[in-house]
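Asker: Please find one structure pasted underneath; my questions will follow.
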Amino acid sequence: MELCPPVVTVMGHVDHGKTSLLDAFRQSSITETEFGGITQSTSAYIVQMRDGRSITFIDTPGHEAFADMRIRGAIVTDIVVLVVAADDGVMPQTIEAIGHVKSAGVPMIVAVNKIDKSGANPKKVLTDLIKYGIVVESLGGNDLAVEISAAQKKNIEELENTILLQAEMIKLKANYNRLANGVVLESRFLPGYGACISCIVKGGTLKKGDIVVSGEFYGIVKSLIVSGKQVDKVTPSMPVDIIGLNGVPSAGEKFVAVKNQKIAKEITANYKVNNKSNEEKNFSSDIDKFFATDKKKEINVLIKADVYGSCDAIVNSINNIKDHEVSINVLYSGVGNVNESDVLLAAVSSAHIIGFNVSTDSRVESIAKSKGVEIKSCRIIYEIIDHIKERVSDLFAPIVNKKYIGSASVRKIFGVNKNIIAGCYVTDGLIKKSSSVDV
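Residue numbers for the sequence shown follow my numbering, so the first one is 2 and each next one is one higher.
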């Protein structure tokens, strides 16, 4: 096992300087060129530091990519840099990002940006972060923080060193002497080249000519492109565009290099069989809901609250609801408004979302409606408990004991004062005014 560069995602609220910070990091890297008309993907790139070490940055909408990776069980990020503007402070997307990072269990470095601006108050920012579970070293905690100005390139080197220090603390190591594996960040078809998948290598060394499998697709690696240039091999933590697969796998899929095409075909065949089986199960799931089974029923929930204290209280209250016939699962809890990432996670997990003192914008509500995801908004914890208990009750249809007393045949149907009247002829037993009728 050898040390490998950290993979870092930069996250933060809109206009807090995320792009400026990424530009400041990239100024020390070699200007990217293009290979054969292929524009190098900007989703991930590697930057050489002044001391010769390197850092891989993922440049995507951080919180959305994080949720996507959690759903597929393939977290590629080693460290998150959370950018917070010193003049603007903690904002909704800041809180949202904190929730996703904590859920993923990834170490975080706070970069308090725009310290050069009028009205900047970095100390207040760091103090405000305490209520969301982030306590920096200067305030007696363990979280790392650096005060910077991305626009003026102030303290950028200090932030770089802090990232590398964090990488040393978590001891990022990988085996370079094995067949490669990693995660697909995105994929697309390129005219004249075919499938191109942008990946992060997590282990092993990938070489031209290797056979790679990802999802239901496989192929021989024809080209490896890093920073717009063809290379013969790539090692752990490196971002790379791979050309040679016979299709485009989904973002978040894992990829592996295998010894030969026979193994590749077996893996993809098994993947297709399992995937088809899952599709068939999903297709019949709605029908299955109408029939009672002996299997323990489940209620899956995502919790979004205004602060972590509320989150903990809600989760504990839900966990205290006992029902021997129903399993109540809190799949995720975090702070911030309900967003698209939450809806996507709920959709694939057959869950509904409970928002406590948070809001949901109309666009997210529209997405939730299209995916059949319920969003329940509450202001009092007792509302949530009552809601969950109600959902438990709804899982069980009431037991109705029917007693046959007679039957009749419908001879004619006519309307009276907007009511529908059925004229009947009693064929057996008797019919009472208070009786219930099955037609």
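Each residue gets a CB set at the ideal place from its N, CA and C atoms; glycine is no exception.
Whose CA, out of Lys203, Ile268, Val274, lies closest to the CA of Ser238?
Answerer: Translated into positions along the sequence shown, residue 238 becomes position 237. The option with the nearest alpha carbon to Ser238 is Lys203.
Asker: CB Ala151 to CB Gly18, shorter than 8 Å?
Answerer: By 1-based counting over the sequence shown, the position of residue 151 is 150. By 1-based counting over the sequence shown, the position of residue 18 is 17. Contact flag set, yes.
Asker: Taking CB distances under 8 Å as the criterion, tell me whether Ile329 reaches chain C.
Answerer: No chain C appears in the structure shown, which is made up of a single protein chain.
Asker: How is the alpha helix (DSSP H) around Ile368 delimited, first residue to last?
Answerer: By one-based count along the sequence shown, residue 368 stands at place 367. First-last of the alpha helix (DSSP H) with Ile368: 363-372.
Asker: Along the chain, where does the beta strand (DSSP E) that runs through Val1 open and close?
Answerer: The structure shown has nothing for residue 1, since the chain only spans 2 to 440.
Asker: According to DSSP, simplified to helix, strand and coil, what is Met12?
Answerer: Against the sequence shown, residue 12 aligns to sequence position 11. Taken through DSSP and simplified to helix, strand or coil, Met12 comes out as strand.
Asker: Under three-state DSSP, which class holds Ala348?
Answerer: One-based indexing of the sequence shown puts residue 348 at position 347. Here Ala348 sits in helix by DSSP.
Asker: Can the beta-carbon of Ala87 be found less than 8 Å from the beta-carbon of Val126?
Answerer: Here the question's residue 87 lines up with position 86 in the sequence shown. Here the question's residue 126 lines up with position 125 in the sequence shown. Yes, the Cβ-Cβ distance between Ala87 and Val126 is below 8 Å.
Asker: Is the distance from the Cβ of Arg54 to the Cβ of Pro108 below 8 Å?
Answerer: Stepping through the sequence shown from its first residue, residue 54 is reached at position 53. Stepping through the sequence shown from its first residue, residue 108 is reached at position 107. No, the Cβ-Cβ distance between Arg54 and Pro108 is not below 8 Å.
Asker: Keeping to the same chain, check which residues put their C-beta closer than 7 Å to that of Ala121; ignore five residues upstream and five downstream.
Answerer: Stepping through the sequence shown from its first residue, residue 121 is reached at position 120. For Ala121, where only same-chain residues beyond five positions count, the Cβ hits under 7 Å are Ala87, Asp88, Lys115.
Asker: Counting only the same chain and skipping the five closest in sequence on each side, list residues whose C-beta sits under 8 Å from that of Glu161.
Answerer: Working through the sequence shown from its first residue, we reach residue 161 at position 160. Only Phe26, Met50, Arg51, Ile56 meet the Cβ criterion.
Asker: Throw me the rounded Cβ distance for the Ser360 and Asn338 pair, which I believe falls under 8 Å.
Answerer: Position 359 of the sequence shown, counted from the first residue, corresponds to residue 360. Position 337 of the sequence shown, counted from the first residue, corresponds to residue 338. In this structure, Ser360 and Asn338 form a Cβ contact; the two beta carbons are roughly 5 Å apart against a cut-off of 8 Å.
Asker: Mark Val440 as exposed unless 16 or more other C-beta atoms lie within 10 angstroms of its C-beta, in which case mark it buried.
Answerer: Residue numbering aside, residue 440 sits at position 439 when the sequence shown is read from its first letter. So Val440 ends up on the exposed side.
Asker: Which partner residues does Asp429 have in the DSSP bridge list?
Answerer: Position 428 of the sequence shown, counted from the start, is the residue given in the question as residue 429. Answer by DSSP bridge pairing, in chain order: Ser408.
Asker: Straight-line CA distance for Tyr426 to Glu391?
Answerer: Walking along the sequence shown from the start, residue 426 turns up at place 425. Walking along the sequence shown from the start, residue 391 turns up at place 390. Those two C-alpha atoms are separated by around 42 Å.
Asker: Taking the beta strand (DSSP E) that Arg27 belongs to, which residues open and close that run?
Answerer: Translated into positions along the sequence shown, residue 27 becomes position 26. Per DSSP, Arg27 belongs to no beta strand (DSSP E); it is in the alpha helix (DSSP H), 19-27.
Asker: For the candidate residues Glu375, Ser318, Glu326, Asn317, whose alpha-carbon lies nearest to that of Asn340?
Answerer: Looking up residue 340 in the sequence shown gives position 339. Comparing Cα-Cα distances from Asn340 to each of Glu375, Ser318, Glu326, Asn317, the minimum goes to Glu375.
Asker: Using only CA atoms, which one of Glu187, Val235, Gly193 lies nearest to Pro250?
Answerer: As a working mapping, residue 250 is identified with position 249 in the sequence shown. That would be Glu187, whose Cα lies nearest to the Cα of Pro250.
Asker: Tell me which residues share the same chain as Phe36 and place their Cβ nearer than 7 Å to its Cβ, disregarding the 5 neighbours each side in the sequence.
Answerer: Numbered from its first residue, the sequence shown carries residue 36 at position 35. Any reading at Phe36 must be qualified, since the residue scores a pLDDT of 49, below 50, and its modelled position is unreliable; the value itself is stated next. Excluding residues within five positions, the ones whose Cβ falls inside 7 Å are Ile226, Gly229, Lys230, Gln231.
Asker: In angstroms, rounded to a whole number, what distance separates the CA positions of Gln167 and Lys118?
Answerer: Counting from 1 along the sequence shown, the entry for residue 167 is found at position 166. Counting from 1 along the sequence shown, the entry for residue 118 is found at position 117. The alpha-carbon atoms of Gln167 and Lys118 are separated by roughly 28 Å.
Asker: Give me, in chain order, the residues of the same chain whose beta-carbon lies closer than 8 Å to that of Arg412; leave out the 5 immediate sequence neighbours on both sides.
Answerer: Counted from its first residue, the sequence shown places residue 412 at position 411. For Arg412, where only same-chain residues beyond five positions count, the Cβ hits under 8 Å are Gly424, Cys425, Tyr426.
Asker: Determine the contact status of Gly220 and Leu180, defining contact as a CB-CB distance below 8 Å.
Answerer: Locating residue 220 in the sequence shown gives position 219, counting from the first residue. Locating residue 180 in the sequence shown gives position 179, counting from the first residue. No, the Cβ-Cβ distance between Gly220 and Leu180 is not below 8 Å.
Asker: At the level of alpha carbons, what is the spacing between Ala409 and Asp395?
Answerer: The residue you call residue 409 lines up with position 408 of the sequence shown. The residue you call residue 395 lines up with position 394 of the sequence shown. Those two C-alpha atoms are separated by around 33 Å.
Asker: Ignoring anything shorter than 3 residues or poking outside the segment 310-350, list the beta strand (DSSP E) runs there in chain order.
Answerer: Here the runs fully enclosed are 327-336.
Asker: Can you give me the Cβ contacts of Ala348 inside the same chain, cut-off strictly under 6 Å, excluding the 5 residues immediately before and after it?
Answerer: To locate residue 348, count along the sequence shown from 1; it is residue 347. Counting only Cβ-Cβ distances below 6 Å, and skipping sequence neighbours, we find Lys372, Val374.
Asker: For Asn182 and Met92, I'd like the C-alpha separation in whole angstroms.
Answerer: The sequence position of residue 182 within the sequence shown is 181, counting from 1. The sequence position of residue 92 within the sequence shown is 91, counting from 1. Roughly 37 Å separates the two Cα atoms.
Asker: Keeping to the same chain, check which residues put their C-beta closer than 6 Å to that of Gly195; ignore five residues upstream and five downstream.
Answerer: Position 194 of the sequence shown, counting from 1, holds the residue named residue 195. Excluding sequence neighbours, Gly195 sits near nothing in its chain.
Asker: Taking Cβ positions, are Met2 and Ala146 nearer each other than 8 Å?
Answerer: Taking the first residue of the sequence shown as 1, we reach residue 2 at position 1. Taking the first residue of the sequence shown as 1, we reach residue 146 at position 145. With respect to Ala146, Met2 sits apart: the two C-beta atoms are not nearer than 8 Å.
Asker: What residues in its chain sit with their C-beta under 8 Å from that of Gly90, if we drop five residues either side in the sequence?
Answerer: Here residue 90 is taken as the residue at index 89 of the sequence shown, counted from 1. The answer, listed in chain order, is Asn122, Lys125, Val126, Asp129.
Asker: Check whether the Cβ atoms of Ile164 and Val9 lie closer than 8 Å to each other.
Answerer: Position 163 of the sequence shown, counted from the first residue, corresponds to residue 164. Position 8 of the sequence shown, counted from the first residue, corresponds to residue 9. Yes.
Asker: Taking Arg380 as the reference, which of Asn358, Ala369, Arg364 has the closest Cα?
Answerer: For the purposes of this step, residue 380 is taken as the residue at position 379 of the sequence shown. Answer by Cα proximity: Asn358.
Asker: Taking the beta strand (DSSP E) that Arg189 belongs to, which residues open and close that run?
Answerer: Translated into the one-based positions of the sequence shown, residue 189 becomes position 188. Where Arg189 is concerned, the enclosing beta strand (DSSP E) starts and stops at 182-191.
Asker: Locate the alpha helix (DSSP H) running through Leu166, then write down its first and last residues.
Answerer: Here residue 166 corresponds to residue number 165 of the sequence shown, with the count starting at 1. 157-170 is the extent of the alpha helix (DSSP H) around Leu166.
Asker: My assumption, with CB atoms under 8 Å, is that Ile355 sits in contact with Ile304. Please give the rounded CB distance.
Answerer: Walking along the sequence shown from the start, residue 355 turns up at place 354. Walking along the sequence shown from the start, residue 304 turns up at place 303. The Cβ separation is near 5 Å, so the contact holds.
Asker: With distances taken from CA atoms, which of Ser350, Asp211, Ser334, Asp362 is nearest Ala105?
Answerer: Position 104 of the sequence shown, counted from the start, is the residue given in the question as residue 105. The alpha carbon of Ala105 has as its nearest neighbour, out of Ser350, Asp211, Ser334, Asp362, the alpha carbon of Ser334.
Asker: Look up Glu267 in the DSSP assignment and say whether it is helix, strand or coil.
Answerer: Indexing the sequence shown from 1 puts residue 267 at position 266. In the displayed model, Glu267 falls within a helix according to three-state DSSP.
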